[in-house]
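Colleague: Heads up: the protein sequence lines correspond to chains C and H, in order. Just so you know, the first sequence maps onto residues 1 to 119 in my numbering. Just so you know, the second sequence maps onto residues 1001 to 1119 in my numbering. Every residue gets a Cβ at the ideal spot worked out from N, C-alpha and C, and that includes glycine. One structure coming up, written as structure tokens, with questions to follow.
There are 2 protein chains.
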Amino acid sequence: MIVVRNYREARAQPVIEEPGVTVRWLVSDQDKGPSFALRLYEMEPGATTTAQSHYWEHEVFVLAGRGVVAGKEGEIPLGEGDVVYVPPAERHRFVNRGDEVLCFLMVLPIAQHTSLPGE
Amino acid sequence: MIVVRNYREARAQPVIEEPGVTVRWLVSDQDKGPSFALRLYEMEPGATTTAQSHYWEHEVFVLAGRGVVAGKEGEIPLGEGDVVYVPPAERHRFVNRGDEVLCFLMVLPIAQHTSLPGE
């Protein structure tokens, strides 16, 4: 069955280790899709994600706000409509450098998340 | 290397069999990601995609405009911020029923697209 839901209906879950960061699971393993999950991040001004490195890639689409993605080559500015590709095993971190909420979509393989964090 | 590009820099390629529909490849097999690709669709008012069914799922995020996704249970309205999950093997079609461009992101497994259409 085709499912349609607005992202605002998905609960914004605080990320414990990342103050000022919430994540909404838009499509998760609960939808039984075999391939990938879709999440929406909202970061308050000044908030930062922890630096991470993992063997799967990230694909990000910035919906609103301003920030940077930081990697081994330094910081790259981000704004509305920007697409970020983070290759596997590449260390990365997102930081909100603006004065409004930084909001972005993130796609990731579903096999990495067999259950929802905090659920 | 982390790559950032704005979606507006990606060429809007007309979809031959779907008048009024263009697709921009935001992340494709050319980025060497192992898992999935990201595309942005823009549909003129009245435009429709062809009805399709395939064994992989779709995940869609509506950025702007109004339309419907049509499946075996009928039509479901779509607007800004709506997330669509189309399960594998589910026949589906997108139609712009509004008076402005319907713009949405679509995620799909990269294995299905080893080369870019029209390239």
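Closest Cβ-Cβ distance between residue 1092 of chain H and chain C: below 8 angstroms?
Modeller: In the second sequence, the residue the question calls residue 1092 of chain H occupies position 92. It does: the Cβ of residue 1092 of chain H has a partner Cβ on chain C nearer than 8 angstroms.
Colleague: Would you check if the distance between the CB atom of residue 53 of chain C and the CB atom of residue 91 of chain C is smaller than 8 angstroms?
Modeller: As a first step, residue 53 of chain C is located in the first sequence; it is residue number 53 there, counting from the start. As a first step, residue 91 of chain C is located in the first sequence; it is residue number 91 there, counting from the start. Closer than 8 angstroms, so yes.
Colleague: Can you find a C-beta in chain C that's less than 8 angstroms from the C-beta of residue 1056 of chain H?
Modeller: Numbered from 1 along the second sequence, position 56 holds the residue referred to as residue 1056 of chain H. So yes, residue 1056 of chain H belongs to the interface.
Colleague: I believe residue 1107 of chain H touches residue 107 of chain C by the beta-carbon criterion, under 8 angstroms. Please report the beta-carbon distance rounded to the nearest angstrom.
Modeller: In the second sequence, counting from the first residue as 1, residue 1107 of chain H sits at position 107. In the first sequence, counting from the first residue as 1, residue 107 of chain C sits at position 107. Right, their Cβ atoms sit about 5 angstroms apart.
Colleague: Which class does residue 191 of chain C belong to by DSSP, given the choice of helix, strand or coil?
Modeller: In the structure as shown, chain C starts at 1 and stops at 119, and residue 191 of chain C therefore has no counterpart that could be examined.
Colleague: Excluding sequence positions up to five away, which residues of its chain have a Cβ less than 8 angstroms from the Cβ of residue 119 of chain C?
Modeller: As a first step, residue 119 of chain C is located in the first sequence; it is residue number 119 there, counting from the start. Note on residue 119 of chain C: pLDDT 34, under 50, position unreliable in the model; no value is reported.
Colleague: So, are the CB atoms of residue 44 of chain C and residue 64 of chain C less than 8 angstroms apart?
Modeller: In the first sequence, the residue the question calls residue 44 of chain C occupies position 44. In the first sequence, the residue the question calls residue 64 of chain C occupies position 64. Taking 8 angstroms as the Cβ cut-off, residue 44 of chain C and residue 64 of chain C do not qualify as a contacting pair.
Colleague: I'd like the ranges of any beta strand (DSSP E) spanning at least 3 consecutive residues and lying wholly in the region 44-79 of chain C.
Modeller: Whole beta strand (DSSP E) segments, 3+ residues: 58-64, 67-71, 74-78.
Colleague: Please look up how many angstroms separate the CB atoms of residue 67 of chain C and residue 102 of chain C, rounded, as I've assumed it's under 8 angstroms.
Modeller: For the purposes of this step, residue 67 of chain C is identified with residue 67 of the first sequence, where counting begins at 1. For the purposes of this step, residue 102 of chain C is identified with residue 102 of the first sequence, where counting begins at 1. So it is a contact: roughly 4 angstroms between Cβ atoms.
Colleague: Would a check of beta-carbon distances place residue 76 of chain C closer than 8 angstroms to chain H?
Modeller: Along the first sequence, one-based indexing puts residue 76 of chain C at 76. So, interface residue.
Colleague: Would a check of beta-carbon distances place residue 36 of chain C closer than 8 angstroms to chain H?
Modeller: In the first sequence, counting from the first residue as 1, residue 36 of chain C sits at position 36. Yes, residue 36 of chain C lies at the interface with chain H (some Cβ there is under 8 angstroms from its Cβ).
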